[in-house]
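Chains as they are written, first to last, in my numbering: chain P, 22 to 465; chain A, 1279 to 1489.
Listed below in structure tokens is the structure:
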């Protein structure tokens, strides 16, 4: 036995344990050859290209069969919930949007719906604001599903779908940039409505975007649906049936792939989803392929909703996008200038030149914020990953007393071991990709 | 939330020059909501009373606020109530557990909230359990809803509530050797004081603020 700095061994109560960190594989194999056991513990991540961000998996293997999976998270914990307690109700949106960075609009909407419930203004939100929220959420669902499909395929070794998916995602992000000024983390949805109206002529552009996306989606469908290699990597992999889903609290595409048509947009509508025609997509295979098919089909449903939202927006042209109560709505109508988003010049002219009361009101509302009656509220939205909920507690002050986000990624990631144990080590990648966890949301 | 608040600003130790120093506000409602609760809430309460003979003893308060039903459960009865809600009332899913810290509620500083969802009936209910800071133990519901495993670990990590019977109650978001529980109200936010041309901007939790 020669000393190898990359493959040290030590004696434990369970026998000899070899720690492999690189170096000469042959010398390790010759050393292990003396023992009969083949139990290997592999640490995968947190810096691993196939774990969807900083996810750490500790795998126990017998040969190539996985006997135990332990999941380590927390590497991206940023204390968003704690930070929110030190900002006012409007500023909190800026934090919430950064949790699950692939679905910022959903984070914002869940939080704002909860705050509006606390304020008791749920029914006062202008219809145009709700329609814009729906439009943005469905666009966001597409961009999020594109990452799920693209990176999921990439992690299983398919390069092409990633290029197509990210091409389509860029189209959506460009639309976001045109509407909000930002591609991600927009803080666009605010308590009471949305921060600003759509730019002129946007609905026409959105219809063009829908048209080109609908055509583009065929590329990935042609590449993957029925593709022999793709089927072999995904069919029967990461199996989790309905009983497993309910006991683990799994929602979203994973639950729908087990055959239950549970979609909060249909079951417990919010933002006026009851006024849109769309279908809840399910699969009956409860495996990675089923989840892939669910996401692919949901893209088309999102496009349908976007088209209907665009029609509604044309009818609601010129209506307000913020609640009428001036004690909640920010006083300025924001405007996109040459140097980005800011207060409209007309408003600045008014508060600086003619009305001191407006200036005081503006100052108070922006620095101090509005007060929210004491109590607690729980608001849910159907995010691309499942039930995203915001539990918001107020003590009657200008800041949230406590905000907790029930993140679907966090919850669904628990099913990694149920999906992967007993399978092959290479199939863990497919199973994790089909859950589509976003570590920013998991760790918050 | 405090029972009583004075002033408008979070400043302590410095003079409050706002003129609002004498302002006293009381908050926090107590007591149960009177029937009828409205919607499906009456049905849920009736069904639970029928299925659970000890209802009056285990459920201390029934609160309906902002269209949400909250059942305040004695912590010693939590698992019993949870099992009946799951098996008899078809609340198949527990959407996790969220903690809240109320330092002023002596003897019930730590609160755990369990949002439940029934897929069969499309209904929601919330359970609320309170415990003291000195005895931060609440029974675990992981044996009833396995999906609460990570949620309880998170609430333990953030609030220090010890869920008795949890299969492996360890920190999940913070490092294993971390001191303290960050989401408690007496735990400072921290942050880096920013020095700017000789003047210093304190960290967010140290700043004077509006309430």
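Note that beta-carbon positions come from the ideal geometry of N, C-alpha and C, so glycine has one too.
Predicted, not measured: the structure shown is a model, and the values here were computed from it.
Taking C-beta pairs closer than 9 Å, name the residues in chain P that residue i reaches, listed in chain order.
i	result
residue 1467 of chain A	100, 103, 104, 106 and 107
Residues of chain A with a CB under 8 Å from the CB of residue i: which are they?
i	result
residue 267 of chain P	1370, 1371 and 1397
residue 281 of chain P	1397
Distance cutoff 7 Å, beta carbons only. Does residue i sit that close to anything in chain A?
i	result
residue 398 of chain P	yes
residue 435 of chain P	yes
residue 287 of chain P	no
residue 461 of chain P	no
residue 22 of chain P	At residue 22 of chain P the pLDDT is 48, less than 50, meaning the model places this residue with poor confidence and gives no usable figure here.
residue 385 of chain P	no
If we cut at 7 Å on Cβ distances, does residue i have a partner in chain P?
i	result
residue 1378 of chain A	yes
residue 1480 of chain A	no
residue 1461 of chain A	yes
residue 1310 of chain A	no
residue 1279 of chain A	Caution is warranted here: a pLDDT of 43 is assigned to residue 1279 of chain A, below 50, making its placement in the model unreliable, and no coordinate value can be reported.
residue 1445 of chain A	no
residue 1393 of chain A	yes
residue 1483 of chain A	yes
In chain A, what lies closer than 7 Å to residue i by C-beta?
i	result
residue 425 of chain P	1376
residue 464 of chain P	1451
residue 431 of chain P	1428
List, in chain order, every chain P residue whose beta-carbon is nearer than 8 Å to that of residue i.
i	result
residue 1450 of chain A	94 and 95
residue 1423 of chain A	268 and 270
Taking a cut of 8 Å between CB atoms, which residues from the region 1399-1420 of chain A lie near chain P? 1400, 1402 and 1404
Can we say the region 329-344 of chain P touches the region 146-158 of chain P, given the rule of at least three CB pairs closer than 8 Å? yes
Using a Cβ cut-off of 9 Å, which residues of the region 1344-1371 of chain A contact any Cβ in chain P, in chain order? Residues are counted here when their Cβ sits less than 9 Å from a Cβ of chain P; for the region 1344-1371 of chain A these are 1344, 1345, 1346, 1348, 1370 and 1371, given in chain order.
Between the region 404-417 of chain P and chain C, which residues of the former have CB atoms less than 8 Å from a CB of the latter, in chain order? Absent here is chain C; the protein component of the structure consists of chains P and A.
Along the region 320-353 of chain P, where does the CB come closer than 8 Å to a CB of chain A? Name the residues. none
Three-pair Cβ contact test at 8 Å for the region 263-271 of chain P versus the region 111-125 of chain P: no
Meets three-Cβ-pair contact criterion under 8 Å: the region 1426-1443 of chain A and the region 274-284 of chain P: no
Any chance you could list the beta strand (DSSP E) runs of at least 3 consecutive residues sitting entirely within the region 1417-1454 of chain A, in chain order? 1440-1442
Three-pair Cβ contact test at 8 Å for the region 101-115 of chain P versus the region 418-425 of chain P: yes
Along the region 234-267 of chain P, what residues have a CB closer than 8 Å to any CB found in chain A? Those residues of the region 234-267 of chain P that come within reach of chain A (Cβ to Cβ, closer than 8 Å) are 267.
Can you pull out the residues from the region 124-143 of chain P whose beta carbon lies closer than 9 Å to at least one beta carbon of chain A? 138, 139, 141 and 143
Taking only runs that begin and end inside the region 379-441 of chain P, name each unbroken alpha helix (DSSP H) of 4 or more residues, in chain order. 429-433 and 437-441
Ranges of the alpha helix (DSSP H) found wholly within the region 252-317 of chain P, counting only runs of at least 4: 263-268, 274-278 and 285-288
Whole beta strand (DSSP E) runs in the region 49-98 of chain P with 3 or more residues, listed along the chain? You should have 60-65, 77-83 and 86-93.
Validate contact between the region 1451-1468 of chain A and the region 72-91 of chain P using beta carbons, cut 8 Å, 3 pairs: no
Of all the alpha helix (DSSP H) runs that stay within the bounds of the region 136-205 of chain P, which reach a length of 4 or more residues? Along the length of the region 136-205 of chain P, whole alpha helix (DSSP H) runs at least 4 residues long occupy 148-176 and 181-201, reported in chain order.
Counting pairs of Cβ atoms below 8 Å between the region 1318-1335 of chain A and the region 1363-1382 of chain A, do you hit three or more? yes
Could you tell me whether the region 1348-1355 of chain A touches the region 401-414 of chain P, using the rule of 3 or more Cβ pairs below 8 Å? Touching, no, given that fewer than three Cβ pairs across the two stretches are closer than 8 Å.
Just checking, does the region 302-309 of chain P make contact with the region 1386-1405 of chain A on the three C-beta pairs under 8 Å criterion? no
Cβ contact check for the region 163-179 of chain P and the region 365-385 of chain P: 3 or more pairs under 8 Å: Counting C-beta pairs with one atom in each stretch, the region 163-179 of chain P and the region 365-385 of chain P have fewer than three that are closer than 8 Å, which means they do not touch.
Under 8 Å: do the region 225-242 of chain P and the region 184-200 of chain P share three or more Cβ pairs, one atom per stretch? yes
At least 3 beta-carbon pairs within less than 8 Å: the region 200-214 of chain P vs the region 111-120 of chain P: yes
Taking three-plus beta-carbon pairs below 8 Å as touching, is the region 248-264 of chain P in contact with the region 445-459 of chain P? These segments touch.
Can you confirm whether the region 431-447 of chain P touches the region 379-393 of chain P when touching is taken to mean that 3 or more C-beta pairs between the two stretches lie within less than 8 Å? no
Curious, which full-length alpha helix (DSSP H) runs of at least 4 residues does the region 1319-1367 of chain A contain? 1319-1329, 1333-1336 and 1356-1365
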